Amino acid sequence: ASTPPPGPLEKVFQYIDLHQDEFVQTLKEWVAVESDSVQPVPRLRRELLRMAGLAADRLRGLGARVASVDAGFQQLSDGQTLPIPPILLAELGSDPKKPTVCFYGHLDVQPARQEDGWLTDPYTLTEVDGKLYGRGTTDNKGPVLAWINAVSAFKALDEDLPVNIKFLIEGMEESGSLALEELVRKEKSGFFSSVDCIVISDNLWISRRKPALIYGTRGNSYFTVEVKCRDQDFHSGTFGGILNEPMADLVALLGSLVDASGRILVPGIYGHVAPVTEEEKRVYEAIDLDMEEYRNSSQVKKFLFDTKEELLMHLWRYPSLSIHGIEGAFHEPGAKTVIPGRVIGKFSIRLVPHMDMSVVETQVKQHLEYIFSKRNSSNQMTVSMALGLHPWIANISDHQYLAAKRAIKTVFGTEPDMIRDGSTIPIAKILQDTTQKSVIMLPLGAVDDGEHSQNEKINRWNYIEGSKLFAAFFLEMAKLHSSW
Ligand SMILES: NCCCC(=O)N[C@@H](Cc1c[nH]cn1)C(=O)O
Ligand SMILES: [Zn+2]
Ligand SMILES: [Zn+2]
1 ASTPPPGPLE
11 KVFQYIDLHQ
21 DEFVQTLKEW
31 VAVESDSVQP
41 VPRLRRELLR
51 MAGLAADRLR
61 GLGARVASVD
71 AGFQQLSDGQ
81 TLPIPPILLA
91 ELGSDPKKPT
101 VCFYGHLDVQ
111 PARQEDGWLT
121 DPYTLTEVDG
131 KLYGRGTTDN
141 KGPVLAWINA
151 VSAFKALDED
161 LPVNIKFLIE
171 GMEESGSLAL
181 EELVRKEKSG
191 FFSSVDCIVI
201 SDNLWISRRK
211 PALIYGTRGN
221 SYFTVEVKCR
231 DQDFHSGTFG
241 GILNEPMADL
251 VALLGSLVDA
261 SGRILVPGIY
271 GHVAPVTEEE
281 KRVYEAIDLD
291 MEEYRNSSQV
301 KKFLFDTKEE
311 LLMHLWRYPS
321 LSIHGIEGAF
331 HEPGAKTVIP
341 GRVIGKFSIR
351 LVPHMDMSVV
361 ETQVKQHLEY
371 IFSKRNSSNQ
381 MTVSMALGLH
391 PWIANISDHQ
401 YLAAKRAIKT
411 VFGTEPDMIR
421 DGSTIPIAKI
431 LQDTTQKSVI
441 MLPLGAVDDG
451 EHSQNEKINR
461 WNYIEGSKLF
471 AAFFLEMAKL
481 HSSW
């Protein structure tokens with residue numbers, strides 16, 4: 001890392017270095033809260049509410065005005081209801097001469113149990129060789145705290161904050177950000193009206209050491225295809241051979257979707273995908289990706305593509321189709337001789353810019369109906385699009401990208417990789433479209449952090465240098481603002 005030029009940033013960086021153990025301690029306290037939003041049980045909901053309270057207290061401690069907005073209840077399919085944790089809207093400063101930067105983050109985590117293969121207790125932050133292991137360390141408690149650390153350094157040093165800061169913090173991201181879209185709509189001309197840009201730090205670099213900026217994410221259209229003969233299973237000795245088996249129909253349907261080279265077989269699906277430009281090719285060539293390291297760390301014998309450019313384009317700027325599972329299938333160990341009476345296949349298509357979700361829906365339905373009709377099956381088939389999430393793309397000439405590049409240069413002494421994320425952060429597109437404010441994704445975590453996986457971690461280095469990065473970003477935003 002390079003040294004900052006003398007001035008407020010130098011002091012802020014020193015403060016962050018000197019207080020890093022306290023910052024790690026706070027992360028430890030936050031990780032200790034089992035704020036799992038995925039398992040819908042009262043005990044975990046109470047933990048989520050406690051987590052929101054801890055974060056609100058911390059923000060108030062910075063001097064922020066915090067509104068803890070009631071988000072109502074989640075209705076479960078069994079008739080039960082559970083509270084949705086409040087959404088925090090916090091504000092620090094309202095100087096009209098300064099830009100206003102809004103940080104979005106989430107406090108909820110994916111489920112984690114030590115017996116799933118964690119080497120340490122997932123809810124006890126454990127440091128090994130500079131790696132801070134624990135559920136939520138990188139997704140997303142660490143980055144939320146890094147932003148808070150940056151603000152707290154300015155505050156502790158009595159340095160003027162170069163920007164007005166807003167926080168939008170939720171607790172249901174891992175469960176589809178319930179109630180958030182509605183709040184964003186409601187606050188368009190309230191909380192968001194003075195915001196200049198929104199920063200999301202909920203993804204990873206593509207390298208262990210080289211920082212990155214993210215300018216696009218794919219969307220997702222998630223399908224279910226049900227094949228039904230009857231509601232009960234059959235004995236295959238009694239019925240095998242005399243009926244169309246739902247599972248055989250479903251396997252044929254799922255098998256018709258994508259070929260062995262990864263190409264989606266739904267007619268017309270690539271019709272709207274933008275062709276690759278020469279400029280875009282250069283962007284991909286410039287990315288620093290060690291293919292061998294990436295392959296080894298992913299524990300995959302061979303990827304479908306041999307060059308870095310092809311691999312990254314198929315992850316980020318082309319659609320992909322994944323088959324996720326089959327509900328109703330006999331999947332337990334053993335040799336039960338059942339014929340499932342009704343099965344539901346689940347697959348999704350990652351969407352890229354210019355693909356039209358309703359066109360994709362029609363193409364998929366028509367394709368599956370055609371394949372099914374050719375089988376002359378007496379079963380019933382029903383296809384539904386369960387989820388439709390739009391892709392997001394940023395305008396990289398927006399101010400905040402320049403500010404972030406300069407901040408990265410100051411902290412890490414390098415230009416960032418300009419990358420996309422093949423997965424989906426639905427709130428990015430919603431925030432951009434609803435508030436009409438620019439969104440930037442400024443990740444802190446390394447490629448091997450293992451979000452959603454066993455042994456999730458954030459490196460101490462990423463957490464601490466990331467806190468500095470946010471501080472430097474504030475300053476660069478302020479500098480640019482004076483020339484807007
Ligand atoms: N790096 C950020 C990952 C966030 C994430 O995992 N998002 C989900 C959202 C989603 C898409 N379809 C259903 N949920 C993802 O799978 O991309
Ligand atoms: Zn996340
Ligand atoms: Zn996540």
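Counted from 1, the sequence shown has number 290 at position 290 by mature numbering (1 follows the signal peptide of the UniProt record, and there is no 0); the numbering is strictly sequential.
We treat Cβ as the ideally placed atom computed from N, Cα and C, and that holds for glycine.
This one's a predicted model, so the numbers in the text were calculated from it and none came from an experiment.
Residue i Cβ short of 7 Å to ligand 2 heavy atom set
{"i": "E173", "result": "yes"}
{"i": "D36", "result": "no"}
{"i": "H106", "result": "yes"}
Residue i: CB within 7 Å of a non-hydrogen atom of ligand 3
{"i": "E451", "result": "yes"}
{"i": "Q299", "result": "no"}
{"i": "Q110", "result": "yes"}
{"i": "D139", "result": "yes"}
Distance between residue j and residue i (C-alpha atoms, nearest Å)
{"i": "E47", "j": "E34", "result": "6 Å"}
{"i": "P162", "j": "E415", "result": "23 Å"}
{"i": "I419", "j": "A212", "result": "7 Å"}
{"i": "A428", "j": "I323", "result": "25 Å"}
{"i": "V411", "j": "E476", "result": "12 Å"}
{"i": "S481", "j": "R208", "result": "Looking at the sequence itself, residue 481 is His, so the reference to Ser does not match. Near 32 Å, if we compare the C-alpha coordinates of R208 and H481."}
{"i": "A329", "j": "L431", "result": "39 Å"}
{"i": "R50", "j": "E91", "result": "21 Å"}
{"i": "T3", "j": "R135", "result": "32 Å"}
{"i": "M313", "j": "P143", "result": "27 Å"}
{"i": "S377", "j": "S358", "result": "27 Å"}
{"i": "E29", "j": "W316", "result": "35 Å"}
{"i": "V69", "j": "D57", "result": "14 Å"}
{"i": "D36", "j": "Q380", "result": "37 Å"}
{"i": "V101", "j": "A472", "result": "13 Å"}
{"i": "D108", "j": "G240", "result": "47 Å"}
{"i": "P255", "j": "E369", "result": "A quick correction: the sequence has Gly, not Pro, at residue 255. When rounded, the distance between both Cα atoms is 14 Å."}
{"i": "K374", "j": "H452", "result": "40 Å"}
{"i": "L27", "j": "L145", "result": "7 Å"}
{"i": "K479", "j": "Q400", "result": "11 Å"}
{"i": "N23", "j": "N149", "result": "With the sequence shown as reference, residue 23 is identified as Phe, and Asn is not the correct amino acid for it. Going from the Cα of F23 to the Cα of N149 covers about 7 Å."}
{"i": "V300", "j": "T307", "result": "15 Å"}
{"i": "A156", "j": "G61", "result": "11 Å"}
The stretch 186-199 / the stretch 409-423 touching (three or more Cβ pairs under 8 Å): no
Exercise answer, beta-carbon shell around ligand 1 heavy atoms below 5 Å: N203, N220, S423 and T424
Residue ranges of each alpha helix (DSSP H) within the stretch 246-327, 4 or longer: 246-255, 278-285, 291-298 and 308-316
Inter-stretch contact at 8 Å, needing at least 3 Cβ pairs: the stretch 59-76 / the stretch 117-128: no
In chain order, each beta strand (DSSP E) run of at least 3 residues that lies wholly inside the stretch 395-427: 417-421
Continuous beta strand (DSSP E) assignments of at least 3 residues falling wholly in the stretch 101-167: 126-128 and 131-133
Ranges of the beta strand (DSSP E) found wholly within the stretch 208-238, counting only runs of at least 3: 212-217 and 219-228
Segment contact flag, the stretch 346-357 with the stretch 382-393, C-beta cutoff 8 Å, min 3 pairs: yes
Touching by the beta-carbon criterion (3+ pairs, under 8 Å), the stretch 220-227 and the stretch 243-250: yes
Cβ contact check for the stretch 461-472 and the stretch 437-452: 3 or more pairs under 8 Å: yes
Three-pair Cβ contact test at 8 Å for the stretch 214-225 versus the stretch 154-168: no
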